[in-house]
Amino acid sequence: MYNLKKINNPVILFDGVCNLCSGFVQFIIKHDPKHMFRFASLQSEFGKKVMQYFGLPVDQFNSFILLEDGKIYTRSTGALRVAKKLNRSWSLLYSFIVIPRFIRDSVYNFIARKRYKWFGKKEECWIPTPELKSLFLDAPAP
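With this note's numbering applied, the sequence shown covers 739 to 880.
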């Protein structure tokens, strides 16, 4: 499997059945021309291993997790750290990091609770195209 301390690229863990989350991953891929990010669904074996390693519940898929340099960043902090590395003016979103975390995460949690209602849910995890499959850890077979 994977040694979590030896992963060179930042890894984004996302809810693989959430339309909003899958759309966000596709947005990141589009705005990450150097392909520095790797991806895995929270439902994958890799995702479960990361959550277990960091003491997070492996049966709850309601958080965005960024694994970077052996540490995890969740919710709004993870999302803003990702934005910081994107091209063009998207990196300016990182300036929202000055807003206290409890406020940022309150907004994040509100959207997370409503995401299936507002954006829908798939029956299965999103499967990347063959061209993008190299960016995914534990990608399901097409």
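Where a beta carbon is used, it is the ideal one built from N, C-alpha and C, also for glycine.
**Message:** On the CB-based measure, 16 or more other CB atoms within 10 Å of its CB, does Ser872 come out buried or exposed?
**Reply:** exposed
**Per DSSP, the bridge partner or partners of Glu806** = Lys809
**Request:** Leaving out five residues on either side along the sequence, give the residues of the same chain with a beta carbon under 8 angstroms from the beta carbon of Phe775.
**Result:** Asn747, Pro748, Val749, Ile750, Ile766, Ile767, Val820, Lys823 and Leu873
**Message:** If contact is defined by three or more beta carbon pairs under 8 angstroms, each pair taking one atom from either stretch, is the segment 751 to 758 in contact with the segment 848 to 858?
**Reply:** yes
**Prompt:** Taking all protein chains shown into account, do 16 or more other C-beta atoms lie within 10 angstroms of the C-beta of Val836, making it buried, or fewer, making it exposed?
**Reply:** exposed
**Request:** Can you give me the start and stop residues for the alpha helix (DSSP H) that Ile849 sits inside?
**Result:** Boundaries of the alpha helix (DSSP H) harbouring Ile849: Arg839 to Phe857, taken from the DSSP string.
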